[in-house]
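Peer 1: Numbering (this note's numbering), first residue to last: 5 to 395.
Glycine included, every Cβ here is placed at the ideal spot set by N, Cα and C.
Note that the structure is a prediction, hence the values are computed from the model and not measured.
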């Protein structure tokens, strides 16, 4: 609307100025009939010439002489004079506004320059009624054309916004709704194809999010399937271990001293395996139960663990138990046994990978505030990259 006003007002002012200049031009042409004749023309011919020019009289100044060339009775006094020779844009706009708001048919004087160097000045008197009607007609046509242009522009803008913004956004919404119904199905992951840069960036971000979520859901499903499979395996393994535990209990009653000495360790190992299977069945995955804290001698636990790992190493690894005999700690013996077993077994595997024999040493100590256990080996150690991301 503001743009229309900025265009409409100067256009109306220019139309008024052109209308008055046309009247001056027609009046000058009409005056040529009188100037070309050596005798005065008849009153009827003057009236016809002035009527065709749309003015009441014509004054022409040539060679510093002001001459009334054509004249007729003026119906009312002159109310205003407009000099088009020096009128600027703002003056023309102000005069246009006055012409529009004046409803009366007044008589005005208009001064301008003759065309084709026909003199120094031309002056006419005329009524404002035809000027006002012509301006109103021109304004109505301009407003109608502006309204038509506005409607066409609005329709084109609507179609462009619908094509470039609304339809792509609806497509994204439909994709999000379809994806929400089946997030595990990768077929519903959006494929960016928007023409607008911002929408394409949004589609690409949505595609990345949907891809990550689909992968996470698939991984979750695989983990659930894996947990179900582990539970089934644990169930069968528990049955097997229960049978083995029954046979191990019989070994404890053996008269052979070596067998009697090894049987408790075998029974304890099978019992730990059974407990792990039961935990897996209870929680669907290997979760640690709350620690059961008791006081026990650390050296005996380390000896049991080291003896079992030495058997697995088949003489390639020497186990050194440097834990003080009298060191008693308060902890969960089952969990601590599992932790030490994992550490020692990892050390044995690292040494075995070198192809050489090695040594694993376990030591411990205590202070007033804490106790500690150290597991050392003669293996190659962790690679540099592994040490950087160890903790």
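Out of 338, 231, 311, 303, which one is the CA nearest neighbour of residue 265?
Peer 2: Taking the first residue of the chain shown as position 1, residue 265 is located at position 261. Comparing Cα positions, the closest option is 311.
Peer 1: Compare the Cα-Cα distances from residue 366 to each of 171, 191, 303 and report the closest residue.
Peer 2: In the chain shown, counting from the first residue as 1, residue 366 sits at position 362. Comparing Cα-Cα distances from residue 366 to each of 171, 191, 303, the minimum goes to 303.
Peer 1: What residue ranges within the region 150 to 214 form continuous alpha helix (DSSP H) runs of no fewer than 4 residues, ordered along the chain?
Peer 2: Qualifying alpha helix (DSSP H) stretches, in chain order: 171 to 185.
Peer 1: Looking at residue 114 and residue 18, is the spacing between their C-beta atoms short of 8 Å?
Peer 2: On the chain shown, position 14 is the one that residue 18 refers to. On the chain shown, position 110 is the one that residue 114 refers to. Residue 114 is positioned such that its CB atom lies no closer than 8 Å to that of residue 18.
Peer 1: Give the DSSP-derived three-state secondary structure of residue 218 in the structure shown.
Peer 2: Residue mapping note: residue 218 aligns to position 214 of the chain shown, counting from 1. In the structure shown, residue 218 sits in a helix (DSSP, three-state: H, G or I).
Peer 1: Below 8 Å, how does it come out for the region 50 to 62 and the region 84 to 92: are there three or more Cβ pairs, yes or no?
Peer 2: no
Peer 1: So, under 8 Å CB-CB, residue 4 and residue 74 are touching, yes? Tell me the CB distance rounded to an integer number of Å.
Peer 2: Lying outside 5 to 395, the shown extent of the chain, residue 4 is not represented and no answer is given.
Peer 1: I need the straight-line Cα distance from residue 279 to residue 332, nearest angstrom please.
Peer 2: Counting from 1 along the chain shown, the entry for residue 279 is found at position 275. Counting from 1 along the chain shown, the entry for residue 332 is found at position 328. If you take the alpha carbons of residue 279 and residue 332, they lie about 25 Å apart.
Peer 1: Taking residue 345 as the reference, give the member of 306, 354, 362 with the closest Cα.
Peer 2: The sequence position of residue 345 within the chain shown is 341, counting from 1. Nearest of 306, 354, 362 to residue 345, Cα basis: 306.
Peer 1: Take residue 217 as the anchor and find which of 95, 192, 197 has the nearest alpha-carbon.
Peer 2: Taking the first residue of the chain shown as position 1, residue 217 is located at position 213. Check the Cα spacing between residue 217 and each of 95, 192, 197: the tightest is with 192.
Peer 1: Within 8 Å of any Cβ in chain B, is that where the Cβ of residue 65 sits?
Peer 2: The chain inventory of the structure shown lacks chain B, comprising one protein chain alone.
Peer 1: Buried or exposed: where does residue 296 fall if 16 or more other Cβ atoms within 10 Å of its Cβ makes it buried?
Peer 2: Indexing the chain shown from 1 puts residue 296 at position 292. Per the 10 Å Cβ criterion, exposed.
Peer 1: Mapping the DSSP letters down to three states, classify residue 128 as helix, strand or coil.
Peer 2: Walking along the chain shown from the start, residue 128 turns up at place 124. If DSSP states are grouped into helix, strand and coil, residue 128 belongs with the strands.
Peer 1: Would you kindly work out how many angstroms separate the C-alpha atoms of residue 118 and residue 169, rounded to a whole number?
Peer 2: Reading the chain shown from its first residue, position 114 is the one you call residue 118. Reading the chain shown from its first residue, position 165 is the one you call residue 169. Those two C-alpha atoms are separated by around 58 Å.
Peer 1: Determine which residues share a DSSP beta bridge with residue 323 and list them.
Peer 2: What you label residue 323 is simply residue 319 of the chain shown in a count that begins at 1. For residue 323, which the question treats as bridged, DSSP gives the partners 364.
Peer 1: Just how far apart, CA to CA, sit residue 207 and residue 172?
Peer 2: In the chain shown, residue 207 corresponds to position 203, counting from 1. In the chain shown, residue 172 corresponds to position 168, counting from 1. Cα-Cα distance, rounded: 10 Å.
Peer 1: Are the beta-carbon atoms belonging to residue 103 and residue 132 less than 8 Å from one another?
Peer 2: Counted from its first residue, the chain shown places residue 103 at position 99. Counted from its first residue, the chain shown places residue 132 at position 128. Contact flag set, yes.
Peer 1: Apply the 10 Å Cβ neighbour rule to residue 156 and answer buried if 16 or more other Cβ atoms are within range, or exposed otherwise.
Peer 2: By one-based count along the chain shown, residue 156 stands at place 152. Counting the other Cβ atoms within 10 Å of the Cβ of residue 156 gives fewer than 16, which makes it exposed.
Peer 1: In chain order, what residues of the same chain have a beta carbon less than 8 Å from the beta carbon of residue 25, not counting five sequence neighbours either side?
Peer 2: The residue given as residue 25 occupies position 21 in the chain shown. Result list for residue 25: 88, 116, in chain order.
Peer 1: Relative to the C-alpha of residue 350, which candidate in 267, 321, 219, 196 has its C-alpha closest?
Peer 2: Working through the chain shown from its first residue, we reach residue 350 at position 346. Comparing Cα-Cα distances from residue 350 to each of 267, 321, 219, 196, the minimum goes to 321.
Peer 1: Within its chain, find whatever has a CB closer than 7 Å to the CB of residue 34; leave out the 5 residues flanking it on each side and keep chain order.
Peer 2: In the chain shown, the residue the question calls residue 34 occupies position 30. These residues qualify, in order along the chain: 53, 54, 56, 57, 62, 74.
Peer 1: Quick one, which of 228, 211, 353, 370 has its alpha-carbon nearest residue 364's?
Peer 2: Against the chain shown, residue 364 aligns to sequence position 360. If we check each option's Cα against that of residue 364, 353 comes out closest.
Peer 1: Which of the three DSSP states, helix, strand or coil, is assigned to residue 374?
Peer 2: Looking up residue 374 in the chain shown gives position 370. Looking at residue 374 - three-state DSSP - the assignment turns out to be coil, as it is neither helix nor strand.
Peer 1: Return the CA-CA distance between residue 77 and residue 15, expressed in angstroms with no decimal places.
Peer 2: As a first step, residue 77 is located in the chain shown; it is residue number 73 there, counting from the start. As a first step, residue 15 is located in the chain shown; it is residue number 11 there, counting from the start. Computed Cα separation, rounded: 33 Å.
Peer 1: Identify, in the order they occur along the chain, each residue of the same chain with its Cβ nearer than 6 Å to the Cβ of residue 334, setting aside the five sequence neighbours on each side.
Peer 2: The count along the chain shown starts at 1 and reaches residue 334 at position 330. Cβ neighbours of residue 334 beyond the five flanking positions: 297, 299.
Peer 1: Decide if residue 274 is buried, meaning its Cβ has at least 16 other Cβ atoms within 10 Å, or exposed.
Peer 2: If you number the chain shown from 1, residue 274 lands on position 270. Buried is the call here.
Peer 1: Using the beta-carbon count (16 or more within 10 Å), is residue 360 buried or exposed?
Peer 2: Indexing the chain shown from 1 puts residue 360 at position 356. Exposed, since its Cβ has fewer than 16 Cβ neighbours within 10 Å.
Peer 1: How would you call residue 163, buried or exposed, if buried means at least 16 neighbouring beta carbons within 10 angstroms?
Peer 2: Residue numbering aside, residue 163 sits at position 159 when the chain shown is read from its first letter. Exposed, by the Cβ-count rule.
Peer 1: May I ask which residues mark the beginning and end of the beta strand (DSSP E) holding residue 58?
Peer 2: Residue 58 sits at position 54 when you count from the first residue of the chain shown. No beta strand (DSSP E) contains residue 58, which DSSP labels as neither H nor E.
Peer 1: Within the same chain, show all residues whose beta-carbon is closer than 8 Å to that of residue 188, passing over the 5 residues directly before and after it, in chain order.
Peer 2: Counting from one through the chain shown, the residue named residue 188 turns up at place 184. Taken in chain order, the residues that qualify are 218, 221, 222, 225.
Peer 1: Grab the span of the beta strand (DSSP E) containing residue 91 for me, first residue to last.
Peer 2: The residue labelled residue 91 in the question sits at position 87 within the chain shown. Element bounds for residue 91: n/a, residue is neither H nor E.
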